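I have placed the structure first, in the form of structure tokens, so that the comments after it can refer back to it.
Number of protein chains: 2
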Amino acid sequence: MTKDKIKIGIMGFGTVGTGAYEILRKNEDALKKQIGAAIIVEKILVKDLNKKRAVFVPDELLTTNADDILENTEIDIVVELMGGVEPAYSYIIKALDNCKHIVTANKELLAKKGNAVFEIADKKGLAVEFEASVCGGVPVIKAFRRTLNTDRINRIMGIVNGTTNYILTKMAEEGSDYEEVLEEAKAKGYAETDPTADVEGYDAAYKMAILASIGFHMNVDINKVSREGISNISKRDIEYGKDLGWTIKLIGMAQEIDGKVEVGVSPMMLPAAHPMATVGGVNNAVFVNSESVGELMFYGPGAGQMPTGNSVASDIVEIAKQIALGNKQLLDCDCNENKEFMDEVHSCYYIRMDVENRPGVFAKIAGVFGNFEVSLESVLQKKTKGESAEIVLITSKVNEKSLKKAVDSIKALDVVNQVFNVIRVEGNGMN
Amino acid sequence: MTKDKIKIGIMGFGTVGTGAYEILRKNEDALKKQIGAAIIVEKILVKDLNKKRAVFVPDELLTTNADDILENTEIDIVVELMGGVEPAYSYIIKALDNCKHIVTANKELLAKKGNAVFEIADKKGLAVEFEASVCGGVPVIKAFRRTLNTDRINRIMGIVNGTTNYILTKMAEEGSDYEEVLEEAKAKGYAETDPTADVEGYDAAYKMAILASIGFHMNVDINKVSREGISNISKRDIEYGKDLGWTIKLIGMAQEIDGKVEVGVSPMMLPAAHPMATVGGVNNAVFVNSESVGELMFYGPGAGQMPTGNSVASDIVEIAKQIALGNKQLLDCDCNENKEFMDEVHSCYYIRMDVENRPGVFAKIAGVFGNFEVSLESVLQKKTKGESAEIVLITSKVNEKSLKKAVDSIKALDVVNQVFNVIRVEGNGMN
Numbered sequence: 175m176t177k178d179k180i181k182i183g184i185m186g187f188g189t190v191g192t193g194a195y196e197i198l199r200k201n202e203d204a205l206k207k208q209i210g211a212a213i214i215v216e217k218i219l220v221k222d223l224n225k226k227r228a229v230f231v232p233d234e235l236l237t238t239n240a241d242d243i244l245e246n247t248e249i250d251i252v253v254e255l256m257g258g259v260e261p262a263y264s265y266i267i268k269a270l271d272n273c274k275h276i277v278t279a280n281k282e283l284l285a286k287k288g289n290a291v292f293e294i295a296d297k298k299g300l301a302v303e304f305e306a307s308v309c310g311g312v313p314v315i316k317a318f319r320r321t322l323n324t325d326r327i328n329r330i331m332g333i334v335n336g337t338t339n340y341i342l343t344k345m346a347e348e349g350s351d352y353e354e355v356l357e358e359a360k361a362k363g364y365a366e367t368d369p370t371a372d373v374e375g376y377d378a379a380y381k382m383a384i385l386a387s388i389g390f391h392m393n394v395d396i397n398k399v400s401r402e403g404i405s406n407i408s409k410r411d412i413e414y415g416k417d418l419g420w421t422i423k424l425i426g427m428a429q430e431i432d433g434k435v436e437v438g439v440s441p442m443m444l445p446a447a448h449p450m451a452t453v454g455g456v457n458n459a460v461f462v463n464s465e466s467v468g469e470l471m472f473y474g475p476g477a478g479q480m481p482t483g484n485s486v487a488s489d490i491v492e493i494a495k496q497i498a499l500g501n502k503q504l505l506d507c508d509c510n511e512n513k514e515f516m517d518e519v520h521s522c523y524y525i526r527m528d529v530e531n532r533p534g535v536f537a538k539i540a541g542v543f544g545n546f547e548v549s550l551e552s553v554l555q556k557k558t559k560g561e562s563a564e565i566v567l568i569t570s571k572v573n574e575k576s577l578k579k580a581v582d583s584i585k586a587l588d589v590v591n592q593v594f595n596v597i598r599v600e601g602n603g604m605n
Numbered sequence: 175m176t177k178d179k180i181k182i183g184i185m186g187f188g189t190v191g192t193g194a195y196e197i198l199r200k201n202e203d204a205l206k207k208q209i210g211a212a213i214i215v216e217k218i219l220v221k222d223l224n225k226k227r228a229v230f231v232p233d234e235l236l237t238t239n240a241d242d243i244l245e246n247t248e249i250d251i252v253v254e255l256m257g258g259v260e261p262a263y264s265y266i267i268k269a270l271d272n273c274k275h276i277v278t279a280n281k282e283l284l285a286k287k288g289n290a291v292f293e294i295a296d297k298k299g300l301a302v303e304f305e306a307s308v309c310g311g312v313p314v315i316k317a318f319r320r321t322l323n324t325d326r327i328n329r330i331m332g333i334v335n336g337t338t339n340y341i342l343t344k345m346a347e348e349g350s351d352y353e354e355v356l357e358e359a360k361a362k363g364y365a366e367t368d369p370t371a372d373v374e375g376y377d378a379a380y381k382m383a384i385l386a387s388i389g390f391h392m393n394v395d396i397n398k399v400s401r402e403g404i405s406n407i408s409k410r411d412i413e414y415g416k417d418l419g420w421t422i423k424l425i426g427m428a429q430e431i432d433g434k435v436e437v438g439v440s441p442m443m444l445p446a447a448h449p450m451a452t453v454g455g456v457n458n459a460v461f462v463n464s465e466s467v468g469e470l471m472f473y474g475p476g477a478g479q480m481p482t483g484n485s486v487a488s489d490i491v492e493i494a495k496q497i498a499l500g501n502k503q504l505l506d507c508d509c510n511e512n513k514e515f516m517d518e519v520h521s522c523y524y525i526r527m528d529v530e531n532r533p534g535v536f537a538k539i540a541g542v543f544g545n546f547e548v549s550l551e552s553v554l555q556k557k558t559k560g561e562s563a564e565i566v567l568i569t570s571k572v573n574e575k576s577l578k579k580a581v582d583s584i585k586a587l588d589v590v591n592q593v594f595n596v597i598r599v600e601g602n603g604m605n
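Next up, the structure:
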């Protein structure tokens with residue numbers, strides 16, 4: 175009934191795959207004892223058989239043919255670490271068809287195709303584990319699926335992208351401009367040559383879709399996840415935020431209010447005392463507010479070969495233990511409810527603009543906001559330069575759609591030269 | 175093969191039991207969907223059948239006879255929430271003998287008898303889940319057992335007792351004395367009428383024994399866990415700590431160096447920038463340093479009816495899912511290695527004493543430290559009052575045993591009136 179060897183196939187052998195392989199190898203004896211069976215890496219799918227690798231891997235393990243894994247009847251678990259939707263998606267479907275359990279770190283695939291994957295896996299009693307897909311080494315996925323599953327989560331806030339958090343932290347610490355820090359981040363390897371996926375919030379949006387799907391037990395349509403990156407944040411916004419006691423972070427926000435959800439990613443102003451405000455550098459954190467438990471935070475390394483590799487290894491071991499015990503049906507994902515997205519999001523906002531420096535301008539601007547039922551908490555004149563003045567407005571908690579309409583009208587005013595930025599303000603006691 | 179009703183018996187129906195019962199009841203439909211079976215509370219062991227309860231419970235569920243649960247062949251899971259070693263231990267053993275899975279929140283029992291419990295459970299393929307035993311609603315136990323199990327943990331630091339953290343936070347915020355804040359904590363229900371278990375570190379020691387056992391996969395002898403409480407901490411220590419940029423916390427420390435472990439609880443000075451230093455009030459946090467993942471922190475409510483109740487409920491659901499899937503053998507604890515405790519702990523220390531205010535005193539004191547190979551980083555004169563002076567000494571990283579011997583000799587010096595406190599200093603970059 176039980177097995178003494180659990181065989182795995184690894185698809186994709188880059189940074190994370192190498193890390194997971196190393197962890198399994200280094201801790202071989204301890205894991206064998208824990209599992210009651212040995213984990214055997216049977217095959218590794220690579221692009222280039224002759225590539226020089228950082229770790230020693232016997233030649234006979236390497237293959238360029240996916241079917242050596244997908245159609246290998248010896249293999250119990252397929253570990254997909256290729257990234258991107260295709261061919262990873264087709265491989266995972268084929269692996270499930272062939273009754274293999276899945277471990278994946280692929281956030282884009284899960285965000286775009288997770289539901290299809292989970293549906294097949296659930297029907298067949300196969301496990302899909304994906305701890306490494308969100309927050310690298312921080313075990314948020316298991317916490318959501320295994321502890322908070324008995325609770326009702328109201329709100330999830332995440333700093334889930336290390337690159338942007340590094341950039342914003344550096345900008346705040348050094349008073350530097352975005353472009354300057356981005357170049358530095360590229361040089362240090364914290365940002366890709368094409369940084370779009372990170373700085374425009376795509377990566378964070380995928381991760382928030384995953385957290386929302388397991389947190390709210392729902393099928394999240396990635397197209398409904400709102401997304402705004404940090405490329406428009408200037409050092410002046412950071413400086414003015416600081417004056418107000420706030421820190422700017424790229425925040426993934428998922429909340430459920432009266433059965434409707436909001437899932438999105440955008441820069442937000444957080445009060446400096448908020449636990450998320452102090453999460454610096456490339457670190458990640460997830461903050462949860464739930465009905466029974468209240469406020470929880472998970473904090474740690476959001477990326478990196480060994481932290482992310484450990485999440486992959488722990489998923490493999492989790493499944494291997496069940497197989498070794500002879501258990502046939504593994505846990506399903508329970509994220510298939512259909513929930514509506516909110517029509518209206520309410521929040522406070524920070525707005526920075528350049529206006530003409532003459533009497534009556536404030537009254538005109540305030541009048542437009544009033545017309546759209548956007549009430550203002552404060553208007554701060556930050557800087558005057560001859561005929562123009564830079565001002566910052568803070569709204570009360572308002573309807574985002576009304577705010578956007580108001581801002582569009584404000585932009586059309588002849589006394590307004592430019593609206594630089596509109597940034598959500600969260601957790602300051604006002605909302 | 176599979177079951178559509180999972181029956182549980184709850185032993186002890188105080189705060190946590192009531193919370194767990196409420197969570198299972200309120201989320202009944204959602205949980206049934208997740209599990210694929212209904213959780214039925216079959217019996218609840220209480221002391222007094224006629225006690226007025228905060229929640230509605232049908233009379234026929236209540237019993238004062240433990241065997242109505244332990245010998246009930248219908249019951250799959252026994253949820254032990256009585257606290258204390260006996261009769262809880264005998265009940266758990268009997269439940270295991272009768273092939274029931276165990277959920278417990280009983281830290282004292284696990285710290286003192288956990289190994290015996292795990293041994294029987296492992297042999298029989300029965301689960302023992304204990305998320306609620308450490309840090310209330312914060313899912314550290316599952317994180318340790320299910321994600322960090324593939325990693326090698328070097329160090330665990332925990333703020334695992336809410337009462338003492340509340341007292342120290344208040345003392346720091348208000349500059350109040352220990353006794354004063356303790357009375358206030360009692361009035362608010364944050365401290366027991368007899369606060370010994372909390373303020374003298376017993377509660378924290380039990381929790382650290384549990385974390386060390388699952389973190390280092392070892393059998394921890396609770397008698398080897400060092401323990402020092404906070405009743406000796408004065409507002410002056412807090413004030414002087416603040417001057418040095420440090421915060422005093424009651425820290426549970428478990429570390430493994432070269433295969434030998436240290437497990438203990440004592441007040442420690444932490445740099446204000448340390449993530450644990452900002453954990454305030456009754457909150458709990460666990461900070462982990464491990465080989466692959468690096469630094470992780472878990473933060474949240476360490477007590478309370480609903481947070482702790484949720485941890486109990488999630489453990490029940492975890493086991494129920496496996497039963498519902500027809501899985502017979504559940505995961506074991508893997509904490510049975512024998513590891514030696516360290517003979518020597520090395521750290522920096524803060525020492526506050528009252529000495530005679532005359533020339534040559536510093537030289538005498540420094541001479542004694544020198545004799546015991548304890549080197550000093552700094553000596554600060556804090557306050558003079560006629561013929562006496564209060565001084566604070568900070569040592570380099572030294573052997574704790576040598577330090578204690580040195581302090582004993584210092585106490586015997588005629589120029590030393592009193593040694594008030596010796597407090598470990600951690601994570602300040604010096605060690």
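Chains as they are written, first to last, in my numbering: chain A, 175 to 605; chain B, 175 to 605.
Quick reminder that beta carbons are idealized off the backbone N, C-alpha and C, glycines included.
Here the structure is a predicted model, which means the values were calculated and not measured.
{"Check": "Over the uninterrupted beta strand (DSSP E) stretch that includes G468/B, give me the two end residues.", "Outcome": "G468 to P475"}
{"Check": "Q168/A to S583/A, Cα distance in whole Å?", "Outcome": "The requested residue 168/A is not part of the displayed model; chain A covers only 175 to 605."}
{"Check": "DSSP puts P445/B in a beta bridge; with which residues?", "Outcome": "W420/B"}
{"Check": "Any beta carbon of chain A sitting closer than 8 angstroms to that of T324/B?", "Outcome": "yes"}
{"Check": "I'd like to know whether the C-beta of A477/A is nearer than 8 angstroms to at least one C-beta of chain B.", "Outcome": "no"}
{"Check": "I'd like to know if the stretch 427–441 of chain B and the stretch 376–385 of chain B are in contact, where contact means that at least 3 CB-CB pairs between them fall below 8 angstroms.", "Outcome": "yes"}
{"Check": "Using a beta-carbon distance below 8 angstroms, is I388/A in contact with chain B?", "Outcome": "no"}
{"Check": "Report yes or no: is there a C-beta of chain A within less than 8 angstroms of the C-beta of S307/B?", "Outcome": "no"}
{"Check": "Decide if the stretch 485–502 of chain A is in contact with the stretch 194–210 of chain A; the criterion is three or more beta carbon pairs, one per stretch, under 8 angstroms apart.", "Outcome": "yes"}
{"Check": "Taking all protein chains shown into account, do 16 or more other C-beta atoms lie within 10 angstroms of the C-beta of G476/B, making it buried, or fewer, making it exposed?", "Outcome": "buried"}
{"Check": "What are the partner residues of F461/A, as DSSP defines its beta bridges?", "Outcome": "M331/A and M471/A"}
{"Check": "Just verifying my parser: in three-state terms, what is the DSSP assignment at I404/B?", "Outcome": "coil"}
{"Check": "Leaving aside the five residues before and after D271/B along the sequence, list all residues of the same chain whose C-beta is less than 8 angstroms from its C-beta, in chain order.", "Outcome": "I294"}
{"Check": "Tell me whether R326/A sits in a helix, a strand or coil according to DSSP, three-state version.", "Outcome": "coil"}
{"Check": "Mapping DSSP to helix, strand and coil, what is Y414/A?", "Outcome": "helix"}
{"Check": "Based on DSSP bridge pairs, tell me the residues matched to M392/A.", "Outcome": "E511/A"}
{"Check": "By the criterion of Cβ-Cβ separation under 7 angstroms, what are the contact partners of D432/B in chain A?", "Outcome": "Per Cβ cutoff of 7 angstroms: no residues; D432/B is ~16 angstroms from chain A at best."}
{"Check": "Using a Cβ-Cβ cut-off of 8 angstroms, state whether G603/A counts as contacting chain B.", "Outcome": "Note that G603/A scores 45 on pLDDT, short of 50, meaning its location in the model is unreliable; the coordinates nonetheless yield the value given after this. Judged by the 8 angstroms Cβ criterion, G603/A is not in contact with chain B."}
{"Check": "Around the Cβ of D238/A, are there at least 16 other Cβ atoms within 10 angstroms (buried) or fewer (exposed)?", "Outcome": "A quick correction: the sequence has Thr, not Asp, at residue 238/A. Exposed, by the Cβ-count rule."}
{"Check": "Select from N501/B, T482/B, K398/B and P232/B the residue whose C-alpha is nearest the C-alpha of K513/B.", "Outcome": "K398/B"}
{"Check": "Given that P481/A touches chain B, what residues does it touch there, using C-beta distances under 8 angstroms?", "Outcome": "S466, V467 and G468"}
{"Check": "What three-state label does DSSP hand I249/A in the structure shown?", "Outcome": "coil"}
{"Check": "Hey, does G191/B have any beta-carbon neighbour from chain A nearer than 8 angstroms?", "Outcome": "no"}
{"Check": "For L499/B, would you say it is in contact with chain A, using Cβ-to-Cβ distances shorter than 8 angstroms as the test?", "Outcome": "yes"}
{"Check": "For V542/B, report the span of its alpha helix (DSSP H) as first-last.", "Outcome": "V535 to N545"}
{"Check": "Tell me, please, which residues DSSP counts as bridged to S549/A.", "Outcome": "Paired residue(s): none; S549/A is not in a bridge."}
{"Check": "Given this structure, state the Cα-to-Cα distance separating L470/A from A447/A, to the nearest angstrom.", "Outcome": "15 angstroms"}
{"Check": "Tell me whether Q496/B sits in a helix, a strand or coil according to DSSP, three-state version.", "Outcome": "helix"}
{"Check": "In terms of alpha-carbon separation, which member of K179/A, K177/A and K200/A lies closest to S466/B?", "Outcome": "K200/A"}
{"Check": "Roughly how far, in whole angstroms, is the beta-carbon of V355/B from the beta-carbon of G403/B, given that I think they are within contact range, below 8 angstroms?", "Outcome": "The Cβ separation is near 14 angstroms, so there is no contact."}
{"Check": "Taking any Cβ of chain D, which residues in the stretch 504–523 of chain A have a Cβ under 8 angstroms from it, in chain order?", "Outcome": "Protein chains A and B are contained in the structure displayed, whereas chain D is not."}
{"Check": "Do you know how far the Cα of L444/B is from the Cα of M604/B?", "Outcome": "Its pLDDT being 44, under 50, M604/B is placed unreliably by the model, and the measurement read from it follows with that caveat. Spanning the two alpha carbons is a distance of roughly 11 angstroms."}
{"Check": "According to DSSP, is R199/A helix, strand or coil?", "Outcome": "helix"}
{"Check": "Beta carbon of V599/A, beta carbon of W420/A: below 8 angstroms?", "Outcome": "yes"}
{"Check": "Is it the case that the Cβ atoms of A580/A and F536/A are separated by a distance below 8 angstroms?", "Outcome": "no"}
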